[in-house]
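Asker: Going left to right, the first sequence walks through residues 283 to 531 as my numbering numbers them.
Glycine residues also receive a C-beta, built at the ideal position from the N, C-alpha and C atoms.
Handing you a structure now.
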Amino acid sequence: MQMRKPLRWPLGCLPEQLAGRTVQGVRRRGKYLLLDLDQGLLLVHLGMSGSLSYAPQGRALPPPGIHDHFELVTTLGTLRLNDPRRFGAVIFTDSEDTAVARKLLGRLGMEPLSDDFDLSAFHGGLKRRSAPIKQVLLAGDLVVGVGNIYASEALFRAGIRPTLRASKLSLPRAARLREAVRTVLARAVEQGGSTLRDFSSADGQAGHFQLEAMVYGRAGQPCKVCGTAVKNIRQGQRSTFFCSKCQKM
DNA sequence: AAAAGCCCCTGGATGC
DNA sequence: TGCATCCAGGGGCTTT
Numbered sequence: 283m284q285m286r287k288p289l290r291w292p293l294g295c296l297p298e299q300l301a302g303r304t305v306q307g308v309r310r311r312g313k314y315l316l317l318d319l320d321q322g323l324l325l326v327h328l329g330m331s332g333s334l335s336y337a338p339q340g341r342a343l344p345p346p347g348i349h350d351h352f353e354l355v356t357t358l359g360t361l362r363l364n365d366p367r368r369f370g371a372v373i374f375t376d377s378e379d380t381a382v383a384r385k386l387l388g389r390l391g392m393e394p395l396s397d398d399f400d401l402s403a404f405h406g407g408l409k410r411r412s413a414p415i416k417q418v419l420l421a422g423d424l425v426v427g428v429g430n431i432y433a434s435e436a437l438f439r440a441g442i443r444p445t446l447r448a449s450k451l452s453l454p455r456a457a458r459l460r461e462a463v464r465t466v467l468a469r470a471v472e473q474g475g476s477t478l479r480d481f482s483s484a485d486g487q488a489g490h491f492q493l494e495a496m497v498y499g500r501a502g503q504p505c506k507v508c509g510t511a512v513k514n515i516r517q518g519q520r521s522t523f524f525c526s527k528c529q530k531m
């Protein structure tokens, strides 16, 4: 294992902590990748611009560039993290029960594509929030995985204005939103995600979901359903796109 | 407890 | 061409 510049948090003594360890399994929680080791746990986050590439043993990765920060070298192959903006993270911790792990993983909400994405829990959570629904989706403490693109897209599909206070959502509308979140994320996964500039998957493929976005990145263009010009506003320093005719308060 | 703002960082696109 | 400005798939931390 080698490393270069620090990411969001310094990479610290990873070489010592990882030397000789065995990767026993790989999981995901929210946008954290969890590598279960024979001793300890490695948390990996890609931030906004991170990507992983992998080469099996015997096939070489290209020479490391300035944005390659971390390589996990195993007997089966090498996993490399590239992250130009360095918002990503690689963190070693002893288990999921350490203070560090709990701080990062403990606040995470329900997994949208799993059975635990329960409607009454979702609606109940929304009831307790007065913030705009878009920001509640993005916050990740009620439901995880809904990033900036998919929040706008899910709200469009559900016909809900992003500025609506979360607590105002009726049960039927919460149900519709829940379905929209699941549909949008499942479709995005099928399409390999969204490549706006530098994102790629571990085998170097770009994503294509952005090509079928209904509102995201389409400010001023006609809504694909009704033709009204798509609006772009800012909520919590992030851009939001919506159709003022299709999406009701 | 929850909301709102700030900040981390680099690079590409745009405008003068 | 050169420089300034704005914007970007996230989310932790601090302040209100």
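Please list the terminal residues of the continuous beta strand (DSSP E) segment that includes GLY308.
Answerer: Contrary to the premise, residue 308 reads as Val rather than Gly in this sequence. Segment 305-311, the beta strand (DSSP E) holding VAL308.
Asker: LEU358: buried (16+ other C-beta within 10 angstroms of its C-beta) or exposed?
Answerer: Exposed.
Asker: Which residues in the same chain have their Cβ closer than 6 Å to the Cβ of VAL326, if we skip the five residues on either side of it in sequence?
Answerer: For VAL326, where only same-chain residues beyond five positions count, the Cβ hits under 6 Å are LEU315 and VAL372.
Asker: Which word fits ILE415, buried or exposed, when buried means at least 16 other C-beta atoms lie within 10 angstroms of its C-beta?
Answerer: Burial call: buried.
Asker: Exposed or buried, what is GLY307 when buried is set at 16 or more other beta-carbons lying within 10 Å of its beta-carbon?
Answerer: GLY307 should be labelled exposed.
Asker: Decide yes or no for the touch test of the region 338-354 against the region 379-399: beta carbon pairs closer than 8 Å, at least 3 of them.
Answerer: With the cut-off at 8 Å, the region 338-354 and the region 379-399 do not touch.
Asker: Could you have a look at ARG516 and say whether DSSP puts it in helix, strand or coil?
Answerer: In the structure shown, ARG516 sits in a strand (DSSP, three-state: E or B).
Asker: Does the distance from the C-beta atom of LEU532 to that of GLY422 stay below 8 Å?
Answerer: Lying before the first or after the last residue shown, residue 532 is absent from the chain, which here runs from 283 to 531.
Asker: Which class does VAL507 belong to by DSSP, given the choice of helix, strand or coil?
Answerer: Three-state DSSP puts VAL507 in coil, outside helix and strand.
Asker: Given a threshold of 16 other Cβ atoms within 10 Å of its Cβ, counted over all protein chains shown, does GLY406 qualify as buried or as exposed?
Answerer: Result: exposed.
Asker: Rounded to a whole number of angstroms, what is the C-alpha to C-alpha distance between ARG435 and GLU298?
Answerer: The displayed chain sequence assigns Glu, not Arg, to residue 435. For GLU435 and GLU298, the distance between alpha carbons rounds to 43 Å.
Asker: Check whether the Cβ atoms of VAL428 and VAL471 lie closer than 8 Å to each other.
Answerer: No, they are not a contact pair.
Asker: In the region 462-511, which residue ranges form an unbroken beta strand (DSSP E) of at least 3 residues, counting only runs that do not cross its ends?
Answerer: Correct list: empty.
Asker: Where does ASP376 land, buried or exposed, given buried means 16+ other C-beta within 10 angstroms?
Answerer: Label assigned to ASP376: exposed.
Asker: What residues in its chain sit with their C-beta under 6 Å from that of ARG309, if we drop five residues either side in the sequence?
Answerer: Cβ neighbours of ARG309 beyond the five flanking positions: LEU316.
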